[in-house]
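Engineer: Before I ask anything, here is the structure I am working with.
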Amino acid sequence: MSFLYPFLDESERDADALLADLARSAAAKAEQSAQLKALVLDRSADQLDRVADEVTVRLRAGGRIFAFGNGSSATDAAGLAALFSRPPAGRPLPARSLVADEAVLTALANDIGFDVVYSRQLIAHGRAGDIAVGLSTSGNSANVVAAFEEAARRGLLTVGIAGYDGGAFARSPAVAHCIVVPSDSVHRIQEAQNRVVHALWQRIQSRLETAQQEVRP
Numbered sequence: 001m002s003f004l005y006p007f008l009d010e011s012e013r014d015a016d017a018l019l020a021d022l023a024r025s026a027a028a029k030a031e032q033s034a035q036l037k038a039l040v041l042d043r044s045a046d047q048l049d050r051v052a053d054e055v056t057v058r059l060r061a062g063g064r065i066f067a068f069g070n071g072s073s074a075t076d077a078a079g080l081a082a083l084f085s086r087p088p089a090g091r092p093l094p095a096r097s098l099v100a101d102e103a104v105l106t107a108l109a110n111d112i113g114f115d116v117v118y119s120r121q122l123i124a125h126g127r128a129g130d131i132a133v134g135l136s137t138s139g140n141s142a143n144v145v146a147a148f149e150e151a152a153r154r155g156l157l158t159v160g161i162a163g164y165d166g167g168a169f170a171r172s173p174a175v176a177h178c179i180v181v182p183s184d185s186v187h188r189i190q191e192a193q194n195r196v197v198h199a200l201w202q203r204i205q206s207r208l209e210t211a212q213q214e215v216r217p
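Mind the numbering: the sequence shown is residues 1 to 217 in the working numbering, read in order.
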């Protein structure tokens, strides 16, 4: 923990002083997180609008969202799928995490290789008109890039959410939209990526509600 809280290694610290340092450290990290979220949402506002427009069109035509990532980004992909399919408000939307089926994931990893665990699932389930959303803090996850390439070949809309400078996501012609969180802190990147996902969900729900109101007699 020393890289996060270097003052914990100091011997014979007064308990009150240590707790004060911990509180200051937590407050500073919360402030950094809030600033990064605000920066990303401001810089990416137009891009988020474009993505929301394209995703909404596909969802209204029967498209589905497939989300995927590795490690903690796998958890974020599951959270994305849950938010869209079982929202706290608004319309439930067809969304699936490709990390959710342990049997399929481990069978593909064991029998073929981990690089295909998402691309093979898109071959089985994806179709033109669907949406593929991949998350990675680095933007360099090989199996996520492979899934984007397969998705693009099959006519899926591809959306990458990455940190640092976007990595391979930002450079790949298979990624139609790459939303970048410009940070080198994995913790802050993932916090901001979750805010990006919620901002995208809010935009899509708003567009769907507007479209529904327009067709009401």
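Don't be surprised by glycine CBs; every beta carbon is placed ideally from N, CA and C.
A quick note: this is a predicted structure, and the numbers were derived from the prediction, not measured.
1) In terms of DSSP beta bridges, what is Ser-136 paired with?
2) Is it right to say Ile-179 is buried, meaning 16 or more other beta carbons lie within 10 angstroms of its own, or is it exposed?
3) Would you check if the distance between the CB atom of Ala-132 and the CB atom of Leu-157 is smaller than 9 Å?
4) Taking the continuous beta strand (DSSP E) assigned at Phe-68, which residues delimit it?
5) The ligand MN heavy atoms versus the CB of Cys-178: any closer than 8 Å?
6) Could you say if the segment 78 to 86 and the segment 37 to 52 meet the contact criterion of at least three C-beta pairs nearer than 8 Å?
7) Tell me which same chain residues have a C-beta within less than 7 Å of the C-beta of Ala-52, skipping the five on either side of it?
8) Taking Cβ to Cβ, would you say Asn-140 is nearer than 9 Å to Val-116?
9) List the DSSP bridge partners of Leu-157.
10) Do the CB positions of Ala-146 and Ser-119 come within less than 9 Å of each other?
11) Between Ala-211 and Ala-15, what straight-line distance do the alpha-carbon atoms span, to the nearest angstrom?
12) Taking the beta strand (DSSP E) that Val-180 belongs to, which residues open and close that run?
13) So Ser-136 packs on Ala-162, CB below 8 Å; how close in whole Å?
14) Evaluate Arg-96 with the Cβ neighbour count: other Cβ atoms within 10 Å of its Cβ, from every protein chain shown; 16 or more gives buried, anything less gives exposed.
15) Go through its chain and collect everything with a Cβ distance to Ser-73's Cβ below 7 Å, but skip five positions before and after it.
16) Could you check what DSSP says for Ser-97 in three-state terms: helix, strand or coil?
17) Note down, one range per segment and in chain order, each alpha helix (DSSP H) of at least 4 residues found wholly within the segment 32 to 93.
18) May I ask you to report which of helix, strand or coil DSSP gives Ala-174?
19) Are Pro-94 and Gly-126 touching if we call contact CB-CB under 9 Å?
20) Between Ala-109, Leu-83, Arg-60 and Ala-176, which lies nearest to Asn-70 when the distance is taken from Cα to Cα?
21) Would Ile-189 pass as a contact of Val-181 if the rule is Cβ separation under 9 Å?
22) Name the two residues that bound the continuous alpha helix (DSSP H) containing Ile-123.
Structural biologist: If we stick to the structure as given:
1) The residue labelled residue 136 in the question sits at position 136 within the sequence shown. DSSP output for Ser-136 lists Ala-162 as bridge partner(s).
2) Taking the first residue of the sequence shown as 1, we reach residue 179 at position 179. When all chains shown are included, Ile-179 counts as buried.
3) On the sequence shown, position 132 is the one that residue 132 refers to. On the sequence shown, position 157 is the one that residue 157 refers to. Between Ala-132 and Leu-157, the CB-CB gap stays under 9 Å.
4) Residue 68 sits at position 68 when you count from the first residue of the sequence shown. For Phe-68, the enclosing beta strand (DSSP E) covers residues 65 to 69.
5) Of the ligands one can find in the structure shown there are none, so the ligand MN has no counterpart to examine.
6) Contact between the segment 78 to 86 and the segment 37 to 52 is absent, with fewer than three C-beta pairs closer than 8 Å.
7) By one-based count along the sequence shown, residue 52 stands at place 52. Answer for Ala-52: Leu-200, Arg-203, Ile-204 and Arg-207, listed in chain order.
8) Here the question's residue 140 lines up with position 140 in the sequence shown. Here the question's residue 116 lines up with position 116 in the sequence shown. Annotated as distal: Asn-140 and Val-116, with beta-carbon spacing of 9 Å or more.
9) Looking up residue 157 in the sequence shown gives position 157. In the DSSP output, where bridge partners are listed per residue, Leu-157 has Ile-131.
10) Position 146 of the sequence shown, counting from 1, holds the residue named residue 146. Position 119 of the sequence shown, counting from 1, holds the residue named residue 119. Yes, these two residues count as a Cβ contact at 9 Å.
11) Within the sequence shown, numbered from 1, the residue matching residue 211 stands at position 211. Within the sequence shown, numbered from 1, the residue matching residue 15 stands at position 15. If I take the Cα positions, the gap works out to 58 Å.
12) Walking along the sequence shown from the start, residue 180 turns up at place 180. Where Val-180 is concerned, the enclosing beta strand (DSSP E) stretches over 177 to 181.
13) Within the sequence shown, residue 136 is the residue found at index 136, counting from 1. Within the sequence shown, residue 162 is the residue found at index 162, counting from 1. That belief holds up - the Cβ atoms of Ser-136 and Ala-162 are roughly 5 Å apart, short of 8 Å.
14) Taking the first residue of the sequence shown as position 1, residue 96 is located at position 96. Flag for Arg-96 reads buried.
15) Locating residue 73 in the sequence shown gives position 73, where the first residue counts as 1. If the five residues before and after Ser-73 are omitted, its C-beta is found closer than 7 Å to the C-beta atoms of Leu-135, Ser-136 and Thr-137, all from its own chain and listed in chain order.
16) As a position in the sequence shown, residue 97 is number 97, starting the count at 1. Of the three classes helix, strand and coil, the one that applies to Ser-97 here is strand, per DSSP.
17) Segments of the alpha helix (DSSP H) lying fully in the segment 32 to 93: 45 to 60 and 72 to 85.
18) On the sequence shown, position 174 is the one that residue 174 refers to. In the three-state reduction of the DSSP assignment, Ala-174 falls in the coil class.
19) On the sequence shown, residue 94 is found 94 positions in, with the first residue counted as 1. On the sequence shown, residue 126 is found 126 positions in, with the first residue counted as 1. 9 Å or more divides the Cβ of Pro-94 from the Cβ of Gly-126.
20) The residue given as residue 70 occupies position 70 in the sequence shown. Nearest of Ala-109, Leu-83, Arg-60 and Ala-176 to Asn-70, Cα basis: Ala-109.
21) On the sequence shown, position 189 is the one that residue 189 refers to. On the sequence shown, position 181 is the one that residue 181 refers to. Yes. Within cutoff.
22) Taking the first residue of the sequence shown as position 1, residue 123 is located at position 123. Segment 119 to 125, the alpha helix (DSSP H) holding Ile-123.
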